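Q: I'd like to ask some things about the structure below.
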Amino acid sequence: MAEEDTAPVQQPTAHGKRSGAARRKLRKERQAQLDTLFANLEINPEEPPRLPPKLVYYILKLYSDLRIDARWESRDWLDRRAFLRNASLVCSFWRTEAQRLLWEAPNLKSDDAMRNFLAGA
């Protein structure tokens, strides 16, 4: 008897499309699902939207890794560093993630540069 209480599933018409009423009903059901999913989402119209920091990190890492070559002195490596330096200037939010990528592999070209780096100068 419980099966009789539920509405039958709308079958597509002979040409494979649902009727207009069925499409509207489906659209309303989907909108109701979205409304319940996002009911507790707090949006402040005063603040601009922000991407999660981890997402910004992975976007920058993906792009910068596409440009990398195995050689430290290569043009690709210098382009990667230039891209990350420029990305760090976009905003303070991006700066943190871009600098994190820059510090993953510092480019120390000489023994003096290595000593200064290790000394914290």
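Following my numbering, the numbering of the sequence shown begins with 865 at its first residue and continues without gaps.
Cβ atoms here follow ideal geometry from the backbone N, Cα and C, with glycine treated the same way.
This structure is a prediction, so every number in the text was calculated from the model and none was measured.
1. Cβ of Glu893 versus every heavy atom of the ligand ZN: is any distance shorter than 7 Å?
2. Using a threshold of 8 Å, state whether the C-beta atoms of Ser928 and Leu965 are closer than that.
3. Which of the three DSSP states, helix, strand or coil, is assigned to Val920?
4. Just how far apart, CA to CA, sit Ala951 and Trp958?
5. By alpha-carbon positions, which one of Pro913, Ala896, Leu898 and Arg944 ends up nearest to Pro970?
6. Given this structure, state the Cα-to-Cα distance separating Met978 from Asn904, to the nearest angstrom.
7. Are the CB atoms of Glu968 and Pro917 within a distance shorter than 8 Å?
8. For the alpha helix (DSSP H) holding Arg891, just list the boundary residues, first then last.
A: Looking at the atomic coordinates:
1. For the structure depicted, the ligand ZN is absent and the ligand set is empty, with no information on it obtainable.
2. yes
3. helix
4. 7 Å
5. Arg944
6. 51 Å
7. no
8. Gly884 to Leu901
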